[in-house]
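Before any comments, here is the structure.
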Amino acid sequence: MVRQHLEPDVVEVFPNADAVNEALRFLIRVVQDKQVSALTKQLQNSSEGTDKSP
Numbered sequence: 108m109v110r111q112h113l114e115p116d117v118v119e120v121f122p123n124a125d126a127v128n129e130a131l132r133f134l135i136r137v138v139q140d141k142q143v144s145a146l147t148k149q150l151q152n153s154s155e156g157t158d159k160s161p
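Residue numbers for the sequence shown follow this note's numbering, so the first one is 108 and each next one is one higher.
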C-alpha cells in the first residue's frame with residue numbers, strides 16, 4: 108500500500124482512501140472508454156477514405 112498526502116480541499120470531497128479509489132477507478136473507465144471511442148472513430152474514418160468503389 109502506498110500512502111499519499113491529500114490536500115484539504117480534496118479531503119473535503121473524498122474523506123477516505125475508498126472514496127479516492129472509487130473516483131479514480133471511475134475516471135480510468137471514462138478515459139479508457141473515450142480512447143476506445145476515438146480509436147474506433149479514427150478507424151472508421153480511415154476505412155471510409157480508402158474505399159474507392161463506386
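Where a beta carbon is used, it is the ideal one built from N, C-alpha and C, also for glycine.
Self-check item: Spatially closest choice to R110 from A124, V118, V120, by CA coordinates
Solution: Of A124, V118, V120, the residue nearest in Cα terms is A124.
Quiz prompt | Rounded C-alpha distance that separates V138 from L131 | solution = Each residue's alpha carbon lies about 10 Å from the other.
Quiz item: So what's P122 in DSSP terms, helix, strand or just coil?
Solution: Coil.
Quiz item: DSSP on R201, reduced to helix/strand/coil?
Solution: The chain is shown only over 108 to 161; residue 201 falls outside these bounds and no answer can be derived.
Quiz item: Does the distance from the CB of Q121 to the CB of V127 come in under 8 Å?
Solution: For clarity, residue 121 is Phe in the given sequence; the question names Gln instead. Their beta carbons are under 8 Å apart, which means F121 touches V127 by this criterion.
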